[in-house]
Amino acid sequence: MVSCLLSLGFCAAVASALVVWADCTLPPQQKTQTTTCPTNLNGPFEFPHLIVPVDKSHPDTAYGTSLSGELSWTVASLFNFDIPPGDAGKKCSLVFLFPKQHDLKTSSYTFSGDGRLDFSELNSPATGGTTYNNRPTTGQDYGVVTVAPGNSYSIATFDCPAGQRVGFEIMAAGNTFLKFFQDFNQAPIGLFITKC
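One gets my numbering by counting positions in the sequence shown from 1 and adding 73 to each.
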């Protein structure tokens with residue numbers, strides 16, 4: 074009796090108590106490969122076209138657009154990205170870049186706490202009139218990442234939503250306070266989408 078043991082990747086011919094090795098061809102195995110785009114801005118990338126802070130201690134106040142991300146126990150920041158139609162068929166990675174303070178040339182930040190941040194994709198983009206109470210619902214929570222200065226983080230990789238405006242949210246998940254000026258110059262800082 075011949076039995077192909079696919080889970081071990083070989084074939085065995087079994088005759089009573091005697092094992093005879095037999096040659097058999099197995100179907101090719103499908104390999105799932107996840108491509109992660111760079112966690113730097115050396116290649117193509119997208120800069121957020123809108124950053125909006127929302128504050129649960131003032132849930133109906135619209136703060137409008139900002140040049141900075143702010144994250145605390147009460148404040149979260151929403152980021153919109155416009156993905157060009159020409160990016161169809163490419164992969165996109167949501168990345169968070171957090172250089173050391175002394176490496177910054179045209180930006181700065183204030184940071185304290187445990188560094189725990191929760192990243193989410195929103196079901197729709199934010200607007201300048203978005204408040205904490207009317208902010209878009211979460212489409213996918215990417216989970217908590219503990220950040221520290223001098224590091225870059227790949228948050229999620231997905232098919233580029235070509236020709237669409239997409240929104241993301243960052244909120245503090247612990248006792249983190251972080252306020253940063255979003256910047257793509259030398260030692261870039263903030264939330265970006267890299268493409269590959």
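Virtual Cβ for every residue (Gly too), placed ideally from N, Cα, C.
With a threshold of 16 other CB atoms inside 10 Å of the CB of F152, please say whether the residue is buried or exposed. Along the sequence shown, one-based indexing puts residue 152 at 79. So F152 ends up on the buried side.
Once you ignore the five residues that flank Q106 on each side, which residues in its own chain have a CB closer than 8 Å to its CB? In the sequence shown, counting from the first residue as 1, residue 106 sits at position 33. The predicted position of Q106 is uncertain, since its pLDDT is 45 and thus under 50; a value taken from the coordinates is nonetheless stated next. There are no such residues.
Starting from P126, follow the beta strand (DSSP E) in both directions and report where the run begins and ends. Walking along the sequence shown from the start, residue 126 turns up at place 53. Residues L123 to D128.
Does the Cβ of S193 have 16 or more other Cβ atoms within 10 Å, making it buried, or fewer, making it exposed? Residue 193 sits at position 120 when you count from the first residue of the sequence shown. Buried, by the Cβ-count rule.
Residue burial classification, P261 (beta-carbon count within 10 angstroms, cutoff 16): Locating residue 261 in the sequence shown gives position 188, where the first residue counts as 1. P261 should be labelled buried.
Any contact between the stretch 124 to 138 and the stretch 217 to 234? By contact I mean 3 or more CB pairs, one from each, below 8 Å. no
Kindly indicate which three-state DSSP category D133 falls into: helix, strand or coil? Within the sequence shown, residue 133 is the residue found at index 60, counting from 1. Three-state result, D133: coil.
Pick from F265, Q255, V220 and F120: whose alpha carbon is nearest that of L177? Taking the sequence shown and counting its residues from 1, one reaches residue 177 at position 104. Per the Cα distances, Q255.
Is there a C-beta anywhere in chain D that falls below 8 Å from the one on T249? Note that chain D does not occur in the displayed structure, where there is just one protein chain.
Once you ignore the five residues that flank G307 on each side, which residues in its own chain have a CB closer than 7 Å to its CB? A question about residue 307 goes unanswered here, because the residues of the chain that appear run from 74 up to 269.
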